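**Q** Just so you know, we're using this note's numbering here: the sequence shown kicks off at 51 and counts up by one.
The beta carbon of each residue, even a glycine, is placed where N, CA and C say it ideally should be.
Keep in mind that this is a model prediction, so the values were computed, not measured.
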Amino acid sequence: MTPAQKNGFRLGFLFTLATGLSLGFVTFFVRPSDPFAVVNHPLQPWLRHMHILAGPILIFMVGWLWQDHVLAHIRRRVRTARISGWISALLFPVMAATGYLLQVTMDETWQAIWRWTHISSALLWSLAAATHILRPLLQRRKRRG
């Protein structure tokens, strides 16, 4: 994996995570002061747009890493960070597909299904991906003393 791939993935991950967590916070935990407000917070539409723009960046970066990192590690049967890698690899398509389906579904029942599937898969994927990134870094630091 090249430094550009590593850094690009990390930036895409952080941008998508930050916009997703912020959007979730203003959507579910902030209450509008005006009872007739369409949004809970003035930044909510902007955060939604930023999250929708961040998603394709992350999808591109994962696609770029897939051949050089994911498939290469599967073929070589690499054992380091294997569980977090498998969880990340399996949850990413669910997270990405439901993010897309949220944008194109009109039915409220299906929107609720896609929303909660997207939120739960995104939170689990983010934990697995963060573990996958941080664990080897912490192990290297520990070995150095």
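Do we get a CB-CB distance below 8 Å when we pair Asp118 with the residues of chain B?
**A** Here chain B cannot be found, since the structure has a single protein chain.
**Q** When the Cα of Ala172 is compared with those of Ala146, Pro186 and Leu187, which residue comes out closest?
**A** Ala146
**Q** Which of the three DSSP states is assigned to His99 in this structure?
**A** It is helical.
**Q** Indicate, with yes or no, if the ligand ZN has a heavy atom lying under 7 Å from the CB of Arg132.
**A** Ligands displayed in this structure: none; no statement on the ligand ZN is therefore possible.
**Q** Alpha carbon to alpha carbon, what distance is there between Leu188 and Ser170?
**A** 26 Å
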